[in-house]
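Participant: Residues in the sequence shown are numbered consecutively from 7, following the numbering used here.
The structure is given below, and queries will be raised subsequently.
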Amino acid sequence: MGKLATIDVALDEMLVNLAAIVLRLSRPDMTRTPEARHALTQSVRQYAVCAARSTDPRVHEMKSELEKTLKPSLRIVAIDGVKVS
7 MGKLATIDVA LDEMLVNLAA IVLRLSRPDM TRTPEARHAL TQSVRQYAVC AARSTDPRVH
67 EMKSELEKTL KPSLRIVAID GVKVS
């Protein structure tokens, strides 16, 4: 394996590890404030930029998982027997 391939594999490993850290920090109890949500958004966007050049499927899977953390969770509320989402 050439030096560039070795570096590429090492970078992919670092990206996977970085995504795991950001996922842990994306928990609702960690992102309560607007500043924390903004920081999470910035981290996910920057990760996506880095992941775009990777050929490792794990990196792309982690990118998808991170992007899901930015989507608001929807709640179903029942009002007088009528479900409203």
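Every residue, glycine too, gets a C-beta built ideally from N, C-alpha and C.
Would you report the Cα separation of Leu31 and Ala11, rounded to the nearest angstrom?
Facilitator: What you label residue 31 is simply residue 25 of the sequence shown in a count that begins at 1. What you label residue 11 is simply residue 5 of the sequence shown in a count that begins at 1. Approximately 30 Å between the Cα atoms of the pair.
Participant: If we ignore side chains and look at the alpha-carbon of each, how far apart do Thr75 and Glu67 end up?
Facilitator: Counting from one through the sequence shown, the residue named residue 75 turns up at place 69. Counting from one through the sequence shown, the residue named residue 67 turns up at place 61. Near 13 Å, if we compare the C-alpha coordinates of Glu67 and Thr75.
Participant: Can you tell me where the alpha helix (DSSP H) with Pro3 in it begins and where it stops?
Facilitator: With the chain running from 7 to 91 in the structure shown, residue 3 is simply not present.
Participant: Taking 8 Å as the cut-off, decide whether the C-beta atoms of Ser95 and Val28 are in contact.
Facilitator: What is shown of the chain runs 7 to 91, which leaves residue 95 out entirely.
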